[in-house]
Amino acid sequence: MNGKAGPIRNDWTIDEIRALFALPFNDLLFRAQTAHRANFEANTVQVSTLLSIKTGACAEDCAYCSQSAKHDTGLERERLLPLDDVVAAAQAAKDKGSTRFCMGAAWRNPTDRNLDKVIEMIRAVRDLGMQTCVTLGMLTEAQALRLRDAGLDYYNHNLDTSPEFYGNVITTRTFQDRLDTLQHVRDAGINVCSGGILGMGESGGDRARLLQELANLPRHPESVPINMLVQVEGTPLHGTDRLDALEFVRTIAVARILMPQSYVRLSAGRTDMSDEMQALCFLAGANSVFYGERLLTTDNPGADHDRALFERLGINMEHAELGADRATCCGSGG
Ligand code: SAM
Ligand code: DTB
Ligand code: SF4
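When we follow the numbering used here, the leftmost residue of the sequence shown carries the number 13, and every step to the right adds one.
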């Protein structure tokens, strides 16, 4: 499919991507901003709110994560939240202007009984008039179809990092497992949300390879979260050298150029970013954030702070059009 201002490509070479990273900063941001304006309203940002519906005691060993049972992070383990608590949190998020509610569970994969409960939550949140997203770990084909039938709008499953660096971060599931889950979500007709984490000690080449993997999927994820590592005490990645802020901005810009019709989300890690760095990320083409005081287990800037920042930058929060951007309706490419 042709995007505005050029074709949507799924055949980016690593040399092309590295050449984008190597551009002078101003040239890179100009290209990213041009791609952004050709495909999106320039001053509008989509906002999603997160809720951890099942916290801690996860069987996986993701080296960044506060919720892995393998790391001693002092996190209190919690059972699956009751439906009423989830609906109350979604209503509160809606009242503050959030349009999408993302529910995350610390599972390797959901059991079919878990899925029954999550489906009730999806239905209830949809009934409030919000878009729904869940992130529950690996899915089978049949589970993806059940979520589709429940009316789920987005499934989040990140590639996290390059295939080459992946083994330094996670050993309990493979990169290919992640690709398989994304394929099941795509085949079911659910919008795909997939991105990664920067600042885990990966190289610039790894960041380029992560974006290459995302951009060369048969269809671009509709939503691409770019997280800055939130360093949690007790995790193996605590104490990793911090990534240069301008390198983070460059990665957002390259994501915008490679996937011009996808929402690029400036995701975790914003509490450690200055307002000026976030403004550069928006200039580089980020057009979505997590909104509300908490991510899953760690802090996010308060809604008041974000509203003030948006006001200073003349940014509007996007209004939801429920169902308007279902993956089944929009052709290929974006
Ligand atoms: N357990 C499910 C899974 O991993 O697929 C879903 C929840 S998991 C917390 C969702 C994503 O959050 C991870 O893939 C990772 O990209 C991101 N994430 C988790 N902890 C993070 C941290 N400390 N800093 C930045 N991103 C993080
Ligand atoms: C994503 O890419 N980032 C979100 C969401 N998808 C699920 C999660 C960020 C988690 C940050 C650490 C925490 O709060 O536990
Ligand atoms: Fe478990 Fe997800 Fe955390 Fe990995 S990122 S340890 S799968 S909750």
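Every residue gets a Cβ at the ideal spot worked out from N, C-alpha and C, and that includes glycine.
*Taking only heavy atoms of ligand 2 into account, decide whether any of them is closer than 7 Å to the Cβ of P272.*
no
*Look at the alpha carbon of T173 and the alpha carbon of C145, and state the distance between them as a whole number of angstroms.*
21 Å
*Indicate the three-state DSSP secondary structure (helix, strand or coil) for R160 in the structure shown.*
helix
*asked:* With the cut-off set at 8 Å, would you say Y275 and Q58 are in Cβ contact?
replied: yes
*Please confirm whether any heavy atom of ligand 2 lies closer than 7 Å to the CB of V59.*
no
*Do the segment 77–86 and the segment 132–140 touch if we need at least three Cβ pairs shorter than 8 Å?*
no
*Any heavy atom of ligand 1 closer than 7 Å to the CB of G281?*
yes
_Using only Cβ atoms and a threshold of 5 Å, which residues come within that distance of a heavy atom of ligand 3? Order them by chain position._
C70, E72, C74, C77, Q79, S80 and A118
_Residue environment, N328, which counts as buried when at least 16 other CB atoms sit within 10 Å_ = exposed
*C-beta contact flag for S80 and T309 at 8 Å*: no
*Which residues in the same chain have their Cβ closer than 6 Å to the Cβ of T61, if we skip the five residues on either side of it in sequence?*
A105, S110, F113, Y303 and G304
_For a quick check, are the C-beta atoms of L157 and V130 less than 8 Å apart?_
no
*Is it the case that the Cβ atoms of Y167 and V197 are separated by a distance below 8 Å?*
yes
_Could you tell me the alpha carbon to alpha carbon distance between S344 and G246, rounded to whole angstroms?_
For S344, the predicted structure reports a pLDDT of 36, less than 50, and the residue's modelled location is therefore unreliable. A value from the coordinates is still provided. Roughly 42 Å separates the two Cα atoms.
*Are the segment 209–228 and the segment 250–261 touching by the rule of at least three beta carbon pairs closer than 8 Å?*
yes
*Would the C-beta of D172 count as close to ligand 1, meaning under 7 Å from any of its heavy atoms?*
yes
*asked:* To the nearest angstrom, how far is the alpha carbon of L164 from that of A265?
replied: 29 Å
*Grab the span of the beta strand (DSSP E) containing C205 for me, first residue to last.*
N203 to C205
*With hydrogens ignored, establish whether the beta-carbon of G207 is closer than 7 Å to any heavy atom of ligand 2.*
yes
_DSSP state of G335 mapped onto helix, strand, coil_ = Per-residue confidence for G335 stands at a pLDDT of 45, beneath the threshold of 50, marking its modelled position as unreliable; no derived number is given.
*Assuming Q273 and I20 form a contact by the criterion Cβ under 8 Å, report the distance between their Cβ atoms to the nearest whole angstrom.*
6 Å
_CB of L241 within 8 Å of CB of G297, strictly_ = no
*Based on Cα-Cα distance, which residue from A200, I209, E72 and N126 lies nearest to L278?*
I209
_Supposed contact pair I238 and G207 - C-beta distance, whole angstroms, cut 8 Å_ = 5 Å
_Own chain, CB closer than 6 Å to A71, minus 5 neighbours either side, in chain order_ = R120
*Please classify A34: does DSSP put it in a helix, a strand, or coil?*
coil
*Coil, strand or helix - K129 by DSSP*: helix
*For F42, which of L321, L127 and F294 has the nearest alpha-carbon?*
F294
_Anticipated Cβ contact below 8 Å, A227 with I26, distance rounded_ = That pair is no contact at about 11 Å.
*Beta-carbon proximity of T283 to P313, cut-off 8 Å*: yes
*Given a cut-off of 8 Å, decide if L159 and R190 are closer than it, judged by their beta-carbon atoms.*
no
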